[in-house]
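Every position in the sequence shown, counted from 1, becomes a number in the working numbering once 112 is added. Every residue, glycine too, gets a C-beta built ideally from N, C-alpha and C.
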Amino acid sequence: MFSAKLHTKDGETLLACCDITLLGKKLEDEDLSLHISETFFGGEIVDEKKLIDLMTQSTMANIFGDNVVDVLASAGYISESSVANVCGVKHAQLYVI
């Protein structure tokens, strides 16, 4: 399961999504501290099908979590070569052209 929230502004729709287990957590290493905030990523709890549906409504996405990145990569939205590792967690950003 995933947490997903749509943010819309100026005709653009951003999908913020993360593995549900990351919501509210702080990711840290020696160089970085990052909060997966409920305000930004917290929205509705969704399954894979709903996640893909939300992605089709989006013009960009900010994605945190091994599972959610894998689902969107399998669906063809993310190339594995563009996935970053942030504090041991898969992260991707995308913009639909």
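Measure the CB-CB distance between residue i and residue j and report whether it falls below 8 Å.
i	j	result
Ala-116	Gly-155	yes
Asp-178	Asp-122	no
Look at the alpha carbon of residue i and the alpha carbon of residue j, and state the distance between them as a whole number of angstroms.
i	j	result
Val-158	Met-167	12 Å
Leu-163	Phe-114	8 Å
Lys-138	Leu-144	10 Å
Glu-142	Cys-199	9 Å
Ser-149	Val-180	16 Å
Return the first residue and the last residue of the beta strand (DSSP E) that residue i is part of.
i	result
Met-172	172-176
Asp-131	124-131
Glu-142	Per DSSP, Glu-142 belongs to no beta strand (DSSP E) and is neither H nor E.
Please list the terminal residues of the continuous alpha helix (DSSP H) segment that includes residue i.
i	result
Glu-160	160-168
Glu-150	150-153
Between residue i and residue j, which are expected to be in contact by the criterion C-beta below 8 Å, what is the C-beta distance as a whole number of angstroms?
i	j	result
Ala-128	Phe-153	5 Å
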